[in-house]
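Colleague: In the numbering used here, the protein residues as written are 93 to 344.
All residues carry an ideal CB built from backbone N, CA and C; glycine is no exception.
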Ligand SMILES: Nc1ncnc2c1ncn2[C@@H]1O[C@H](COP(=O)(O)OP(=O)(O)OP(=O)(O)O)[C@@H](O)[C@H]1O
Ligand SMILES: [Mg+2]
């Protein structure tokens, strides 16, 4: 479903003392293959390159090098076709906070050229799905953090994407809301949606993902099933494997 070959992203990072441009390599030769209907986790400490990878996969930033292929179709040259296939839950909440919940959904449905009957039905269906139907006329600003996260998910699903990217979808949520989002992710996977998610909650990846990739400082360390990682490194859980491989204790 998703193939990534030798993906590289360089950022300009100011000047050095000799006034030469400094280049920071945020993603350094990443290779991945993710199957249809798979829930795949991208793990790594702060600055590992997770968000940059998602931004390249979702066309928010251009790769410096490398290839991205969706279902055998190269991303380059087929952007509008692939945009219809993918949905994105960004790391940072980016609604127009002065619009109402329903208006935000409406805006996105229109951006995807959905007709008025389909828009109405789909918005009602999704707001029910994330249990926000009661808030349709509320300003987004007045929602709690957990409600905003659920609305981000509903918004990303408006055009029935086949692939969903979720960048820290459960950050800072209470355990009950996190579990509700886990339920939504599982339901989407059952419906055949491929999910690529990032998280700092390693037990969340262990619980949800068939396979995970562990990155550090732009480089892929390894890809395996959570069980495969634990067996390979003789650790009781994925969090201990993560700490062992990245030398990083996760901040909570
Ligand atoms: N627009 C940018 N300009 C310059 N450097 C950037 C830019 N965006 C990201 N970086 C750098 O690229 C590296 C990877 O950042 P990225 O946001 O992809 O990490 P991440 O794994 O998502 O981290 P986090 O867990 O903190 O969200 C970091 O060193 C970051 O400072
Ligand atoms: Mg990030």
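Just the Cα atoms here: how many angstroms apart are residue 344 and residue 118?
Modeller: Legend: pLDDT at residue 344 = 44, less than 50; position of this residue unreliable, value from coordinates given subsequently. Computed Cα separation, rounded: 24 Å.
Colleague: Whose CA, out of 123, 122, 100, lies closest to the CA of residue 115?
Modeller: Closest option to residue 115, Cα to Cα, is 100.
Colleague: Grouping DSSP H, G and I as helix and E and B as strand, with all else coil, what is residue 324?
Modeller: Helix at residue 324.
Colleague: Of all the options 132, 139, 102, which has the alpha carbon lying nearest to the alpha carbon of residue 121?
Modeller: Of the candidates 132, 139, 102, the one whose C-alpha sits nearest the C-alpha of residue 121 is 102.
Colleague: Taking the CB atoms as reference points, tell me whether residue 133 and residue 301 lie closer together than 8 Å.
Modeller: Cβ distance < 8 Å, so residue 133 and residue 301 count as in contact.
Colleague: Please report the Cβ distance between residue 176 and residue 251, rounded to the nearest whole angstrom; I am assuming they are in contact, meaning their Cβ atoms lie under 8 Å.
Modeller: Contact holds; Cβ gap of about 7 Å.
Colleague: Name the residue from 299, 294, 266, 264 whose alpha carbon lies nearest to the alpha carbon of residue 277.
Modeller: Comparing Cα positions, the closest option is 299.
Colleague: Compute the minimum distance between the beta carbon of residue 103 and the heavy atoms of ligand 1, and state whether it is under 7 Å.
Modeller: Residue 103 Cβ: within cutoff of ligand 1.
Colleague: With 16 as the cutoff for other CB atoms within 10 Å, does residue 157 come out buried or exposed?
Modeller: Per the 10 Å Cβ criterion, exposed.
Colleague: Quick check: the Cα distance between residue 153 and residue 145, rounded to an integer number of angstroms?
Modeller: Distance between the alpha carbons of residue 153 and residue 145: 9 Å.
Colleague: For residue 264, I'd like the list of residues in its chain whose CB is within less than 7 Å of its CB, leaving aside the five on either flank, ordered along the chain.
Modeller: Only 237 meet the Cβ criterion.
Colleague: Please report how far the alpha carbon of residue 281 lies from the alpha carbon of residue 254, in whole angstroms.
Modeller: Between residue 281 and residue 254, the C-alpha separation is close to 10 Å.
Colleague: With a Cβ-Cβ cutoff of 8 Å, do residue 136 and residue 307 count as a contact?
Modeller: Yes, the Cβ-Cβ distance between residue 136 and residue 307 is below 8 Å.
Colleague: Below 8 Å on the Cβ atoms is my guess for residue 211 versus residue 224; work out the distance and round it to an integer in Å.
Modeller: The Cβ separation is near 16 Å, so there is no contact.
Colleague: Can you say whether residue 184 is buried or exposed, counting buried as having 16 or more other CB atoms within 10 angstroms of its CB?
Modeller: Per the 10 Å Cβ criterion, exposed.
Colleague: Quick one: what does DSSP say residue 334 is sitting in, helix, strand or coil?
Modeller: In this structure, residue 334 counts as helix in the three-state DSSP scheme.
Colleague: Quick check on residue 425: does DSSP put it in helix, strand or coil?
Modeller: Summary: the structure shown does not reach residue 425, with the chain confined to residues 93 through 344, and so no result is reported for it.
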